[in-house]
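Quick notes on the structure that follows.
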Ligand SMILES: [Zn+2]
Ligand SMILES: [Zn+2]
């Protein structure tokens, strides 16, 4: 793979070191020396060249290394990601292959409230 510039290398490293997807803003907290514009430009390059993949949810765009296979639960209250322990995508992929499709990648995102947030919400409604 081609050599990356320092900024691109740094952005990719931050994504690789994180165990969950990050927004450009999350990345900027890790490297305050880089402007958001620089980070967006680096991300744009990394996505276009296949180093990084992205998805958008609730107007936020999240980034993660493209080689990583991850499926998540996202708490829409506190914004934390939790990794799913089991991936059931291979059974869907098998079904698609039988129909002549060529599945290449997937991302499973389940949203809701984490146990902590759910507890807090329950406490609030009881008061
Ligand atoms: Zn939560
Ligand atoms: Zn999966």
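In the numbering used here, the protein residues as written are 9 to 135.
All C-beta atoms in this analysis are idealised placements derived from N, C-alpha and C, irrespective of residue type, glycine included.
Computed from a predicted structure; not experimentally measured.
Here residue 98 is exposed. Its C-beta has fewer than 16 other C-beta atoms within 10 Å. Comparing alpha carbon positions, the residue from 113, 29, 108 closest to residue 68 is 29.
If you look at residue 117, you'll find it in the beta strand (DSSP E) that goes 117–120. Contact between the region 38–54 and the region 83–102 is absent: fewer than three C-beta pairs spanning the two stretches fall below 8 Å. As the crow flies, the alpha-carbon of residue 112 is around 35 Å from that of residue 126.
The region 70–121 is shown to contain whole beta strand (DSSP E) runs of 3 or more residues at 80–83, 89–91, 117–120, in chain order. For residue 116, the number of other beta carbons within 10 angstroms of its own is below 16, and it is reported as exposed.
Its chain contains no residue whose beta carbon lies nearer than 6 Å to that of residue 43 once the 5 sequence neighbours on both sides are disregarded.
Short note on residue 26: C-beta not closer than 6 Å to any heavy atom of ligand 1. Residue side-chain check: residue 113 keeps its Cβ at 6 Å or more from all non-hydrogen atoms of ligand 2. In the structure shown, the three-state DSSP call for residue 64 is strand.
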